[in-house]
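Q: Residue numbers (this note's numbering): 933 to 1280.
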Ligand code: SAH
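1) Is the beta carbon of residue 1054 closer than 8 Å to that of residue 1269?
2) With respect to 7 Å, is the separation between the Cβ of residue 1083 and the closest non-hydrogen atom of the ligand SAH below this value?
3) Using CA coordinates, which residue listed in 1049, 1019 and 1119 is at the minimum distance from residue 1035?
4) Pull up the CB-CB distance for residue 1214 and residue 1240, whole angstroms please, since I reckon it's below 8 Å.
5) For a test of your reading of the model: does the CB of residue 1249 fall under 7 Å from any non-hydrogen atom of the ligand SAH? Yes or no.
6) Can we count residue 1069 as close to the ligand SAH, meaning its CB is less than 7 Å from some heavy atom?
7) Note down, one range per segment and in chain order, each alpha helix (DSSP H) of at least 4 residues found wholly within the region 945-1011.
8) Using the Cα positions of residue 1125 and residue 1142, report the straight-line distance between them to the nearest angstrom.
9) Looking at residue 1109 and residue 963, is the spacing between their C-beta atoms short of 8 Å?
10) Between 1225, 1222, 1100 and 1021, which lies nearest to residue 1040 when the distance is taken from Cα to Cα?
11) If you count every other CB in all the chains shown that lies within 10 Å of the CB of residue 1038, and 16 or more means buried, which is it?
12) Please state the DSSP three-state secondary structure of residue 933.
13) Can you grab the Cα-Cα spacing for the pair residue 1173 / residue 1011, in whole Å?
14) Return yes when at least one heavy atom of the ligand SAH lies under 7 Å from the C-beta of residue 1046, else no.
15) Give the secondary structure of residue 1133 by DSSP, where H, G and I count as helix, E and B as strand, and everything else as coil.
16) Taking just the CA atoms, how far does residue 946 sit from residue 961?
17) Give, in chain order, every unbroken run of the beta strand (DSSP E) that is at least 3 residues long and sits entirely within the region 1061-1138.
18) Enumerate in chain order the residues of its own chain whose CB-to-CB distance from residue 1123 is below 7 Å, with the five nearest sequence positions on each side excluded.
19) Can you name the start and end residues of the beta strand (DSSP E) that residue 1201 belongs to?
20) Could you compute how far the alpha carbon of residue 1225 sits from the alpha carbon of residue 1052?
21) Evaluate contact between the region 1075-1095 and the region 936-943, counting only Cβ atoms and requiring at least three cross-stretch pairs below 8 Å.
22) With C-beta atoms as the reference, is residue 1193 less than 8 Å away from residue 1050?
23) Assign residue 1153 to buried or exposed, taking buried as 16 or more other Cβ atoms, counted over all protein chains shown, within 10 Å of its Cβ.
Below is the structure:
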């Protein structure tokens, strides 16, 4: 079956031409898909014969809302989507002053194994298609009635572990005949897969690269992030410097503050030393308590922030949104999976 929604306008046009259709049909179908059509029957400006043909040869995989939670504190909305094959993923809609931002998933589960993260506990089941990433943005916008202006690829999954599909998604969501969301309004987060960072540097996209650093020294980082055993933190800093030299774009470093693990002054000093020569921004994240994890939130965040700033770095503390609705990575899916094991709730 053909997944038209994962295709570029040109690819759709070529596919339809091969079915004997005129070129302008491509744009018609692309527009319907990117407006959120859930079936070919809705595409009323196509002939009945073409609609029938598309129904037999192509698939559409719009997700269903399996669960939706709205934070009473700050209006954050968390969606648990059920995909066409029954798997579940999460999307979070955050309402910032600079615009409505969606945090989307890129895989069903994750295989990176970070010790503090709920998304990776049951491993990776599969990659998401470009269409499934686009649909998270599109159907969040349609369901909420709120126009989405920013996207962060910081939900479940490791974007560089599914990079071809992620790049295709970026092209689709950026398209002027589609959602038309500018690359400057998109952030991509990686746990530090160096070939992925180098490939992004080569492409020179206008997006913001976020690197989940979480520790500047190999001993600590290898303990909490298995990826560090494949690509160690010194190689990672080198890749970040290469990225900056190539693109001129400032990298944002994510740093979840973990009590007694990565919150020591010497680690702030080491970050500053390693970032010398590039304008890094360190985003300190209050650790979300994951039931299954032994780590606890640090109480040293303000001191650590001051220490970084004393070295001339920009350091911010991420405002925590949706605390009342399990709004951090993988927690809602995790909860639904547990309920499923008990025999109730949605299939995940
Ligand atoms: N795989 C990518 C993107 C998804 S995770 C990456 O690792 O960057 C998005 C961010 O949330 C990452 O920085 C991740 O390390 C962080 N994160 C995961 N679990 C967390 C927790 N319990 N508390 C705070 N941040 C967490």
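Heads up, the beta-carbon is just placed ideally off N, CA and C, and yes, glycines get one too.
Here the structure is a predicted model, which is why all the values come from computation and not from measurement.
A: According to the structure shown:
1) Position 337 of the chain shown, counted from the start, is the residue given in the question as residue 1269. Position 122 of the chain shown, counted from the start, is the residue given in the question as residue 1054. Contact: yes.
2) Mapped onto the chain shown, residue 1083 falls at position 151. Residue 1083: no, Cβ never under 7 Å from the ligand SAH.
3) Counting from one through the chain shown, the residue named residue 1035 turns up at place 103. The alpha carbon of residue 1035 has as its nearest neighbour, out of 1049, 1019 and 1119, the alpha carbon of 1119.
4) Position 282 of the chain shown holds residue 1214. Position 308 of the chain shown holds residue 1240. At roughly 6 Å, the Cβ-Cβ gap stays under 8 Å, so residue 1214 and residue 1240 are in contact.
5) Start at 1 with the first residue of the chain shown, and residue 1249 comes out as number 317. Shortest gap from the CB of residue 1249 to any heavy atom of the ligand SAH: 7 Å or more.
6) Your numbering for residue 1069 matches position 137 in the chain shown. Flag unset: Cβ of residue 1069 not near the ligand SAH.
7) 956-967 and 980-989
8) Within the chain shown, the letter at position 193 stands for residue 1125. Within the chain shown, the letter at position 210 stands for residue 1142. Distance between the alpha carbons of residue 1125 and residue 1142 is about 12 Å.
9) Translated into positions along the chain shown, residue 963 becomes position 31. Translated into positions along the chain shown, residue 1109 becomes position 177. Contact annotation: residue 963 and residue 1109 have beta-carbon atoms nearer than 8 Å.
10) As a position in the chain shown, residue 1040 is number 108, starting the count at 1. Selected option, being the one with the closest Cα: 1021.
11) Position 106 of the chain shown, counted from the start, is the residue given in the question as residue 1038. By the neighbour-count rule (16 or more Cβ atoms within 10 Å), residue 1038 is buried.
12) Here residue 933 refers to the residue found at position 1 of the chain shown. The answer is coil: DSSP assigns residue 933 none of H, G, I, E or B.
13) If you number the chain shown from 1, residue 1173 lands on position 241. If you number the chain shown from 1, residue 1011 lands on position 79. Roughly 36 Å between the two C-alpha positions.
14) On the chain shown, position 114 is the one that residue 1046 refers to. Correct: residue 1046 has its Cβ closer than 7 Å to the ligand SAH.
15) Mapped onto the chain shown, residue 1133 falls at position 201. Helix at residue 1133.
16) For the purposes of this step, residue 961 is taken as residue 29 along the chain shown, with counting starting at 1. For the purposes of this step, residue 946 is taken as residue 14 along the chain shown, with counting starting at 1. Cα to Cα, the separation comes out at about 12 Å.
17) 1080-1085 and 1118-1122
18) Taking the chain shown and counting its residues from 1, one reaches residue 1123 at position 191. Contacts found: 1044, 1046, 1090, 1144, 1157 and 1159.
19) For this step, residue 1201 is matched to residue 269 along the chain shown. From DSSP, residue 1201 is part of no beta strand (DSSP E) but of the alpha helix (DSSP H) over 1197-1207.
20) For the purposes of this step, residue 1225 is identified with residue 293 of the chain shown, where counting begins at 1. For the purposes of this step, residue 1052 is identified with residue 120 of the chain shown, where counting begins at 1. Straight-line Cα distance between these residues: approximately 12 Å.
21) no
22) Here residue 1193 refers to the residue found at position 261 of the chain shown. Here residue 1050 refers to the residue found at position 118 of the chain shown. No; because the gap between Cβ atoms is not below 8 Å, this pair is not in contact.
23) For the purposes of this step, residue 1153 is taken as residue 221 along the chain shown, with counting starting at 1. In this structure residue 1153 is buried. Its beta-carbon is surrounded by 16 or more other beta-carbon atoms within 10 angstroms.
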